[in-house]
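Each remark here refers to the structure printed beneath this line.
Residue numbers (our numbering): 2 to 460.
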């Protein structure tokens, strides 16, 4: 694919490669970005089985998934706002424009479906199809090799962590987890265990797998938990990506033999936060041995920053050889400390890369924070139906992937910085353009067919 400078597509179409980035249309950029990175996304929507009577269908199945995902891309914050924030004539015309381009044999209607209609259909479609749609997106990104630069020693970094999603004060369904508060009150909640492909140095946190933490029944003897969900998630992740080289970034909760064994069985490398309390015997052995292994230390100076590394290989833990790494960073009097366990054999040549990767686990926390406080409303109950609720969760994850590709991609990076100031303003502007202006269908067709290169901005 030929290299093309980051210029407005409309200017590129005129053959002028010297014009600066200005006047770029955000809706065009959205659909170009999706088509560029995931060429099979729009065709995949037509392959989702439709459980409805074909003689009674008003809205094709593609409309439901497009509206569901776009509602999170545009951050409308609730299901009822599909009517109030997307129900403009121009948004409907824009949706029809997209339908004409990608689904010419299946015209979209001139009305917008109601949020309740979306919820009703999602409750009838197995969650597998939303899951498969997300997997298709990640496979396309991996095969395009656009994330190669941010691998850890050749492995894609996948951070795994649990987070709360929805909390109720009354039982919502038989799958609710329960917790008794100090005041005696019982809350009912639905957490998830999320796997995100993270890019240390770039800041991307792309959802690649989800395991919903839920009880099998209302009267379960033992509640589901994060560790149980982890042992379900990793085999599914490996099934979806059988050839991918994986390095799991985990917190200290996962420092135990069952996790080490599962990682070995599923061919996953790992970097696990190492703390004294999680594996006290191994911790004491590491602290004793590192004082003796003076040749297993490294000091790096980067301007005002000083980093000191020490490591020990072949620490015995229940017959398993582990490596332990410790890092101390000092900058302008402020000191930071970190330690990790790994199955890798650590040397002076790879210790810096391993520490850099291990520290990248915080990116998943940033992802959760964005989804909770950045307009995606992760903790909002978009549905009371347990199946539809999972669809909406994955729609949110897909939307966040697309928005990150837009935000980090070279098509818009200068425009966001210079004319919008913040990503929140960027989302609001995208919503305004999608609902108050019309997409030029002829120009969008040409833009979509134009072969360009979108680079990621790591600054």
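The C-beta atom is built at its ideal place from N, Cα and C for all residues, glycine as well.
Output needed for residue i: all residues of its chain with C-beta closer than 7 Å, excluding positions within five of it in sequence on either side, in chain order.
| i | result |
| --- | --- |
| residue 370 | none |
| residue 70 | 396, 399, 400 |
| residue 1 | Nothing can be reported for residue 1: it is not among the residues displayed for the chain, which extend from 2 to 460. |
| residue 459 | 202, 203 |
| residue 267 | 235, 236, 239 |
| residue 27 | 430, 431, 434 |
| residue 263 | 232, 235 |
| residue 410 | 34, 455, 457 |
| residue 406 | 34, 38 |
| residue 135 | 208, 395, 398, 399 |
| residue 337 | 330 |
| residue 110 | 59, 60 |
| residue 145 | 38 |
| residue 116 | 80, 81, 83, 84 |
Considering only DSSP beta bridges, list what residue i is partnered with.
| i | result |
| --- | --- |
| residue 307 | 302, 331 |
| residue 180 | 188 |
| residue 341 | 274, 326 |
| residue 153 | 156 |
| residue 321 | 318 |
| residue 199 | 158, 206 |
| residue 313 | 325 |
| residue 211 | 195 |
Quick one: residues in its chain with C-beta nearer than 6 Å to the C-beta of residue i, no 5 flanking neighbours on either side, listed in chain order?
| i | result |
| --- | --- |
| residue 188 | 168, 180 |
| residue 160 | 197, 199, 250, 362, 365 |
| residue 319 | 258 |
| residue 122 | 65 |
| residue 171 | none |
| residue 162 | 365 |
| residue 332 | 305, 306 |
| residue 62 | 49, 51 |
| residue 301 | 308 |
| residue 284 | 277 |
Between residue i and chain C, is the shortest Cβ-Cβ distance under 9 Å, so that the two count as touching?
| i | result |
| --- | --- |
| residue 234 | Going by chain labels, chain C is absent from the structure shown, which holds only one protein chain. |
Just to confirm, are residue i and residue j a CB contact at a threshold of 9 Å?
| i | j | result |
| --- | --- | --- |
| residue 335 | residue 316 | no |
| residue 215 | residue 178 | yes |
| residue 256 | residue 198 | no |
| residue 73 | residue 138 | no |
| residue 445 | residue 98 | yes |
| residue 245 | residue 143 | yes |
| residue 174 | residue 384 | no |
| residue 104 | residue 50 | no |
| residue 231 | residue 194 | yes |
| residue 253 | residue 276 | yes |
| residue 261 | residue 321 | yes |
| residue 1 | residue 60 | The requested residue 1 is not part of the displayed model; the chain covers only 2 to 460. |
| residue 367 | residue 206 | yes |
| residue 156 | residue 279 | no |
| residue 380 | residue 165 | yes |
| residue 119 | residue 80 | yes |
Considering only C-alpha positions, which residue in the set the options is nearest to residue i?
| i | options | result |
| --- | --- | --- |
| residue 68 | 392, 283, 456, 411 | 392 |
| residue 432 | 75, 236, 31, 209 | 75 |
| residue 153 | 247, 128, 207, 63 | 247 |
| residue 127 | 389, 454, 452 | 389 |
| residue 101 | 443, 457, 450, 455 | 443 |
| residue 456 | 353, 147, 372 | 147 |
| residue 84 | 58, 112, 62, 63 | 112 |
| residue 53 | 40, 42, 109, 124 | 124 |
| residue 295 | 349, 265, 274, 333 | 349 |
| residue 1 | 192, 182, 183, 184 | Since the first residue of the chain shown is 2 and the last is 460, residue 1 is not available in this structure. |
| residue 441 | 96, 43, 293 | 96 |
| residue 360 | 223, 382, 274 | 274 |
Return the chain-ordered list of same chain residues with a C-beta closer than 8 Å to the C-beta of residue i, the five sequence neighbours on each side being excluded.
| i | result |
| --- | --- |
| residue 437 | 89, 91 |
| residue 355 | 153, 154, 272, 326, 341, 343, 345, 347 |
| residue 376 | 76, 78, 425, 428 |
| residue 225 | 178, 214, 215, 216, 217 |
| residue 324 | 312, 313, 314, 315, 316, 342, 343, 344, 345, 346, 347 |
| residue 132 | 211, 395 |
| residue 463 | For the chain, the structure presents residues 2 to 460; residue 463 sits outside this window and is missing. |
| residue 352 | 299, 310, 312, 326 |
| residue 41 | 137, 141 |
| residue 57 | none |
| residue 15 | Legend: pLDDT at residue 15 = 41, less than 50; position of this residue unreliable, no value from coordinates given. |
Quick one: does the C-beta of residue i sit closer than 8 Å to a heavy atom of the ligand ATP?
| i | result |
| --- | --- |
| residue 281 | Because no ligand of any kind appears in the structure shown, any question about the ligand ATP cannot be addressed here. |
* Asked: Is the region 321 to 329 in contact with the region 304 to 311, if contact means three or more CB pairs nearer than 8 Å?
  -> yes
Three or more C-beta pairs closer than 8 Å, one from the region 234 to 241 and one from the region 217 to 226: is that the case here? no
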